[in-house]
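Residue numbers (the numbering used here): 1 to 243. We put the CB at the ideal spot given by N, CA and C, even for glycine. Being a predicted model, the structure only gives us computed values, none of them experimental.
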């Protein structure tokens, strides 16, 4: 259970007591719990969305719900998306890309990536058919956090030293379990639509893994964040396409 609290502390802004944050060893074992943390985030956002939907129009509610997902993680993964965009689209060498990604400042590509993805999430969520809306809100963060667990197994760590992402330890069993949880959740929540969404999410995870491998030879915390954010969009896109 300590590794679960470590995952909750790392992936959310929930104010847990300091002893519950976990040691480095407990944090390293926490990725197996990432899908559950994603489901908890999704459930909380779904309740928030339902409440606002009683008083506000869909587009406004969608905006607040997307922002709620962003705030729930403290912007951790969106920051990774920005850094990844700055690095990958810099047309520099591998080592220079890693340096750019470590820079805390966001460049033009990073800002464009953040704005584009937020806009896509809001517009797509607003277009999700009402019967699928709550389940989609649960699946989105669940899929994003599943992407973290699977990606940690798929690629080696790209940096030789430093970086919190290098602390995590996963194996094929954890990745398969996370993928199975996503597939089962998709089926239980949305039947065939959810199953297709889950499979599409796994495809996006592999595409991002291949792209990261090509660019920098592995993963970093930033590429994990980018993969999480991009995968999070997929259930909403599939719900709109198949709904």
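Backbone secondary structure at residue i - three-state DSSP
i, result
"residue 219", "strand"
Rounded straight-line distance, which links the Cα of residue j to that of residue i
i, j, result
"residue 123", "residue 67", "13 Å"
"residue 100", "residue 108", "12 Å"
"residue 178", "residue 147", "9 Å"
"residue 64", "residue 27", "30 Å"
"residue 34", "residue 9", "11 Å"
"residue 138", "residue 40", "8 Å"
"residue 25", "residue 183", "29 Å"
"residue 2", "residue 29", "9 Å"
"residue 201", "residue 193", "12 Å"
"residue 231", "residue 180", "16 Å"
"residue 176", "residue 50", "32 Å"
"residue 114", "residue 120", "10 Å"
"residue 149", "residue 54", "35 Å"
"residue 15", "residue 151", "27 Å"
"residue 57", "residue 220", "39 Å"
"residue 158", "residue 172", "19 Å"
"residue 98", "residue 216", "7 Å"
"residue 90", "residue 160", "21 Å"
"residue 77", "residue 71", "10 Å"
"residue 112", "residue 218", "24 Å"
"residue 102", "residue 17", "29 Å"
"residue 75", "residue 195", "28 Å"
Beta-carbon spacing of residue i, residue j below 8 Å
i, j, result
"residue 209", "residue 155", "yes"
"residue 256", "residue 206", "Since the displayed the chain opens at 1 and closes at 243, residue 256 lies outside it and no answer follows."
"residue 61", "residue 52", "yes"
"residue 73", "residue 142", "no"
"residue 203", "residue 239", "no"
"residue 222", "residue 12", "no"
"residue 80", "residue 224", "yes"
"residue 128", "residue 243", "yes"
"residue 6", "residue 37", "no"
"residue 104", "residue 82", "no"
"residue 140", "residue 199", "no"
With 16 other Cβ atoms within 10 Å as the buried cut-off, status of residue i
i, result
"residue 59", "exposed"
"residue 229", "buried"
"residue 191", "exposed"
"residue 116", "exposed"
"residue 88", "buried"
"residue 235", "buried"
"residue 188", "exposed"
"residue 45", "buried"
"residue 145", "buried"
"residue 110", "buried"
"residue 86", "buried"
"residue 241", "exposed"
"residue 227", "buried"
"residue 212", "buried"
"residue 153", "buried"
Residue-level contact to chain B via CB, residue i, 8 Å cutoff
i, result
"residue 53", "No chain B is part of this structure, which consists of one protein chain only."
- Message: Closer than 8 Å is the cut-off here; do at least three beta carbon pairs connect the region 93 to 105 with the region 126 to 135?
- Response: no
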